[in-house]
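Take any residue in the sequence shown, note its place counting from 1, add 59, and you have its number in the numbering used here.
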Amino acid sequence: MAGVGPAPGTPTLPLYPGVVQRGRHAVAEASGAVLAAAPDHWTDGCPVLTEDLWGDDGPRVTLRTYLDPVSGRALHVEAVAGDAPRSFSVEPARWRD
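Spelled out as structure tokens, the structure:
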């Protein structure tokens with residue numbers, strides 16, 4: 060989303076810990092990196108580290124770490140079974156509408 064972002068002075072609202080909403084944009088709070096435009100999920104603009112873990116008798120577990128694209132800071136970590144899609148959603152009405 061380079062070159063695209065909220066206008067200066069746009070009000071800041073919480074969206075997720077470390078992620079704020081400025082107008083139609085999800086922004087990494089620490090770096091100011093624009094991650095997505097509404098209604099897309101804020102993780103769409105994050106680099107993702109993926110690690111597969113294998114249990115002795117259990118299924119494969121995938122760890123995904125969603126990173127701030129500027130600072131590299133972890134914004135969220137999730138564990139899912141195998142290749143399951145993203146396991147969480149952040150959709151306040153003001154973001155969807």
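Note that beta-carbon positions come from the ideal geometry of N, C-alpha and C, so glycine has one too.
Length of the line joining the Cα atoms of tryptophan 154 and alanine 97: Their backbone Cα atoms lie some 6 Å apart in a straight line.
Just checking proline 151 against the ligand GTP - is the residue's beta carbon closer than 7 Å to any of the ligand's heavy atoms?
This structure lacks the ligand GTP; in fact it carries no ligand of any kind.
Quiz item: How many angstroms separate the CA atom of alanine 87 from the CA atom of aspartate 99?
Solution: Across the structure, alanine 87 and aspartate 99 are spaced so that their CA atoms are roughly 15 Å apart.
Check: DSSP on arginine 123, reduced to helix/strand/coil?
Finding: Reduced to three states, the DSSP call for arginine 123 is strand.
| message | Below 8 Å on the Cβ atoms is my contact criterion, and I expect arginine 123 with alanine 89 to pass it. Report the Cβ-Cβ distance as a whole number of Å. | response | Here arginine 123 is actually not in contact with alanine 89; their C-beta atoms are around 20 Å apart, not less than 8 Å.
*Residues near alanine 143 in its chain [Cβ-Cβ closer than 8 Å; skip 5 each side]*: Taken in chain order, the residues that qualify are Thr121.
Q. On the three-state DSSP scale, how would you describe alanine 89?
A. Of the three classes helix, strand and coil, the one that applies to alanine 89 here is coil, per DSSP.
Reference valine 78; option with closest CA among Trp101, Pro67, Gly68, Asp156:
Selected option, being the one with the closest Cα: Trp101.
Quick one: residues in its chain with C-beta nearer than 7 Å to the C-beta of proline 73, no 5 flanking neighbours on either side, listed in chain order? By the criterion of a C-beta distance shorter than 7 Å, proline 73 is surrounded in its chain by Val79, once the five residues flanking it on both sides are discounted.
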